[in-house]
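According to mature numbering (1 follows the signal peptide of the UniProt record, and there is no 0), the stretch in the sequence shown is residues -29 to -1, 1 to 186, in order. Glycine included, C-beta positions come from ideal geometry on N, C-alpha and C. All values reported here derive from a predicted model rather than from experimental measurement. Below is one structure, written out as structure tokens; comments come after it.
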Amino acid sequence: MNIPRWLGLSWLALIAALLSGCGYNSIQAADEEVKASWSEVLNQYQRRADLVPQLVKSVDAYMTHERDVLTQVTEARSKVGSLQISADQLDDPAALERFQQAQSQLTSALSRLIAVSENYPQLKADGLFRDLMTQLEGTENRISVARGRYVKSVQAYNVLVRQFPAVITAKVFGYAPKANFSVENEAAISQAPNIQFSNQAPSSAPATTAPAPAR
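Here is the structure:
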């Protein structure tokens, strides 16, 4: 039996209206926002990981007594590279937790490297090292911003898929709640890690003593 064209179009319009009324379009838009924000998180973390080999190479000749610091940075960077999580895995809290732990270990290792570098005036005066420090600081700021955007997008998405009637639509179409970064203070995400970079090169001129005032 042939179905009139107008009747078929009417059914399609009705289905579209029902899906829209049940929150399908909103869920899909929220899901895309989560994926986009997560992609930016990965991009910024990858940017940081790409800086590590150059950073280690730039300090290798100076840090002759702190080889363990360089080893920790290299190992942490290697672990980060082996723990990748795609947008399709964001419904797995355990996977996100492992990812966050690996990134935190790299952050700690880099912080220690920066702290130790303060003991090497010649290293601090090295142009390449100073440039890498500037790049790293900027990358840490972008990571913080990207994480903040991801947290907000996941919060909005999770609220949506748990509300009626969107919760029914989400279950029918397989939209599960997403995992989020676990922090004790969410406000801290909007701020970059407190890593101080020394930009003052040591002076090559010897210090002079001011003459004593005449009596």
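- Message: Between E68, V122, V51 and S88, which has its C-alpha nearest E37's C-alpha?
- Response: Looking only at E68, V122, V51 and S88, the smallest Cα-Cα distance to E37 is reached by S88.
- Item | Reduced DSSP category for M104 - H, G, I as helix; E, B as strand; rest coil | In this structure, M104 counts as helix in the three-state DSSP scheme.
- Beta carbon of F100, beta carbon of L94: below 7 Å? Yes, the Cβ-Cβ distance between F100 and L94 is below 7 Å.
- Message: In this structure, how does DSSP classify G119 when only helix, strand and coil are distinguished?
- Response: Three-state result, G119: helix.
- My guess is that A73 and L61 are in contact by the Cβ rule of under 8 Å, so how many angstroms apart are they, rounded? The pair is not a contact, with the Cβ atoms about 16 Å apart (cut-off 8 Å).
- Task: Please go through the stretch 32 to 72 and give each complete alpha helix (DSSP H) segment of 4 or more residues, from N-terminal end onward.
- Result: If we require 4 residues or more, the alpha helix (DSSP H) runs fully inside the stretch 32 to 72 come out as 38 to 53.
- Task: Could you tell me whether the Cβ atoms of S124 and V5 are closer together than 7 Å?
- Result: A contact, by the Cβ cut-off of 7 Å.
- Take every Cβ of the stretch 114 to 131, pair it with every Cβ of the stretch 4 to 21, and state whether three or more of those distances are shorter than 8 Å. Segments in contact, yes.
- Contact under 7 Å by Cβ, L67 with A150: Contact: yes.
- Message: Here's a check: name, in chain order, each residue in its chain whose Cβ is nearer than 8 Å to the Cβ of residue 188, leaving out the five neighbours to either side.
- Response: Only positions -29 to 186 of the chain appear in the structure, and residue 188 is not among them; the question remains open.
- Message: If you reduce the DSSP assignment to three classes, tell me which class S79 lands in.
- Response: It is helical.
- Can you say whether R133 is buried or exposed, counting buried as having 16 or more other CB atoms within 10 angstroms of its CB? In the assembly as shown, R133 is an exposed residue. Its beta-carbon has fewer than 16 other beta-carbons within 10 Å.
- Query: Rounded to a whole number of angstroms, what is the C-alpha to C-alpha distance between R120 and V27?
  - Reply: For R120 and V27, the distance between alpha carbons rounds to 30 Å.
- Status (buried if at least 16 other CB within 10 Å, exposed otherwise) for I139: The residue in question, I139, is exposed, as its Cβ has fewer than 16 Cβ neighbours within 10 Å.
- Query: DSSP state of E89, grouped into three classes?
  - Reply: Coil, per DSSP.
- Message: Excluding the 5 residues flanking F70 on each side, which residues of the same chain have their C-beta closer than 7 Å to its C-beta?
- Response: Cβ within range, chain order: L54 and I56.
- Quick one: measure Cβ to Cβ for Q15 and T110, integer angstroms, because I've assumed they're closer than 8 Å. In this structure Q15 touches T110 by the C-beta definition: roughly 6 Å separates them, less than 8 Å.
- Regarding R18 and the ligand NAP, is the C-beta to nearest heavy atom distance less than 6 Å? For the ligand NAP, the structure offers nothing, since it holds no ligand at all.
- Three-state secondary structure (DSSP) at K95? In this structure, K95 counts as helix in the three-state DSSP scheme.
- Message: Using a Cβ-Cβ cutoff of less than 6 Å, which residues in the same chain neighbour A147 once the five nearest sequence positions on both sides are dropped?
- Response: The answer, listed in chain order, is D62.
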